[in-house]
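In terms of the numbering used here, the sequence shown has 125 at position 125, counting the first letter as 1, and numbering is strictly consecutive.
C-beta atoms are modelled at their ideal positions from N, C-alpha and C, and glycine is treated no differently.
Working notes for the structure below.
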Amino acid sequence: MLELSGVCAGYGGFHALNDVSMAVDAGESVAVIGANGAGKTTLLRVISGMLPASAGRLTMNGQDLRALPSHKVLATGIAHVPENRHLFPRLTVEQNLRLGAFLPEARKHFAERLEYVYGLFPRLKERRSQFAGTMSGGEQQLCAIGRALMSKPKIILLDEPSTGLAPVVVQQVFDLVRKIRDDGYTVLIVEQNVTQVLQVVDRAYLLSVGRVETSGRAADLLASEEVQKAYMGL
Ligand code: ATP
Numbered sequence: 001m002l003e004l005s006g007v008c009a010g011y012g013g014f015h016a017l018n019d020v021s022m023a024v025d026a027g028e029s030v031a032v033i034g035a036n037g038a039g040k041t042t043l044l045r046v047i048s049g050m051l052p053a054s055a056g057r058l059t060m061n062g063q064d065l066r067a068l069p070s071h072k073v074l075a076t077g078i079a080h081v082p083e084n085r086h087l088f089p090r091l092t093v094e095q096n097l098r099l100g101a102f103l104p105e106a107r108k109h110f111a112e113r114l115e116y117v118y119g120l121f122p123r124l125k126e127r128r129s130q131f132a133g134t135m136s137g138g139e140q141q142l143c144a145i146g147r148a149l150m151s152k153p154k155i156i157l158l159d160e161p162s163t164g165l166a167p168v169v170v171q172q173v174f175d176l177v178r179k180i181r182d183d184g185y186t187v188l189i190v191e192q193n194v195t196q197v198l199q200v201v202d203r204a205y206l207l208s209v210g211r212v213e214t215s216g217r218a219a220d221l222l223a224s225e226e227v228q229k230a231y232m233g234l
């Protein structure tokens with residue numbers, strides 16, 4: 001579904017991604033793990049067209065993403081939930097969700113999508129008239145994920161959804177990642193919380209200083225001494 005081959009990107013003269021190749025198949029959940037500054041956020045920005053790649057090939061179901069202006073990327077079925085969530089704090093939960101369904105196809109199915117999202121997150125339904133900015137960090141994260149799901153994306157990109165959340169809420173977010181994958185969504189998630197994310201995804205790529213160092217099935221990476229030493233403090 002999503003394929004990257006030899007992708008490079010950076011900021012000014014600085015190369016944040018070097019020759020990155022990876023693929024995500026329909027229905028899979030895949031994590032990108034790596035230390036601070038490894039290039040994980042940059043990778044998601046490049047996929048969603050927020051940052052142009054300087055080299056390489058990026059395709060979504062065969063469509064060349066580099067040839068598309070960034071505002072057209074959403075229409076290919078890519079929804080990006082950035083690390084800082086980007087909710088509109090002075091709009092209600094439901095108004096924020098409505099903004100996730102602004103493409104004509106999603107607008108047509110608004111009621112059905114809203115029901116799906118409220119089914120996933122009953123808490124959002126209870127709080128649908130509350131200003132998003134007054135919700136807890138965990139609720140805001142769920143709202144941001146819910147907003148992305150309103151467009152019925154083919155793939156959802158999650159950038160460190162566990163950041164800044166209490167441990168019990170972090171577990172809820174990871175349970176949700178598993179649930180949406182079980183519902184048939186394709187997920188690409190960037191995380192620093194390596195142990196927990198590897199328990200809910202199918203496969204992972206380990207990024208180190210802008211390059212893919214290794215990749216494999218999540219269970220194999222969890223058991224790998226190299227990953228345990230470097231990222232789990234074992
Ligand atoms: P973290 O886990 O700390 O969020 P990351 O793996 O997501 O890190 P990126 O945010 O992709 O890493 O950053 C990769 C490199 O690019 C870092 O060295 C960072 O300092 C640099 N970088 C990121 N954004 C910018 C920017 N807007 N301008 C210049 N350099 C940047």
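Opposing strand residues paired with residue i [DSSP bridges]
i: residue 79; result: 156
i: residue 131; result: 92
The ligand ATP heavy atom lying under 8 Å from the CB of residue i
i: residue 39; result: yes
i: residue 83; result: yes
i: residue 165; result: no
i: residue 207; result: yes
i: residue 190; result: yes
i: residue 160; result: yes
i: residue 18; result: no
i: residue 43; result: yes
i: residue 36; result: yes
i: residue 62; result: no
i: residue 216; result: no
i: residue 49; result: no
i: residue 236; result: Since the first residue of the chain shown is 1 and the last is 234, residue 236 is not available in this structure.
i: residue 146; result: no
i: residue 174; result: no
For residue i, the three-state DSSP class (helix, strand or coil)
i: residue 106; result: helix
i: residue 138; result: helix
i: residue 164; result: coil
i: residue 14; result: strand
i: residue 6; result: strand
i: residue 19; result: strand
i: residue 183; result: coil
i: residue 144; result: helix
i: residue 119; result: helix
i: residue 101; result: coil
Residue range of the beta strand (DSSP E) that includes residue i
i: residue 204; result: 203-208
i: residue 211; result: 211-217
i: residue 92; result: Note, residue 92: premise wrong, no beta strand (DSSP E); not H, not E.
i: residue 188; result: 186-191
Enclosing alpha helix (DSSP H) for residue i [first to last residue]
i: residue 198; result: 194-200
i: residue 85; result: Counting along the chain, residue 85 falls outside any alpha helix (DSSP H), and DSSP gives it neither H nor E.
i: residue 230; result: 225-231
Heavy atom of the ligand MG within 8 Å of residue i beta-carbon
i: residue 11; result: In terms of ligand content, the structure shown lacks the ligand MG and carries the ligand ATP instead.
Uninterrupted beta strand (DSSP E) stretches inside the region 25-70 (no shorter than 3 residues): Fully enclosed beta strand (DSSP E) runs of 3 or longer: 29-33 and 55-60.
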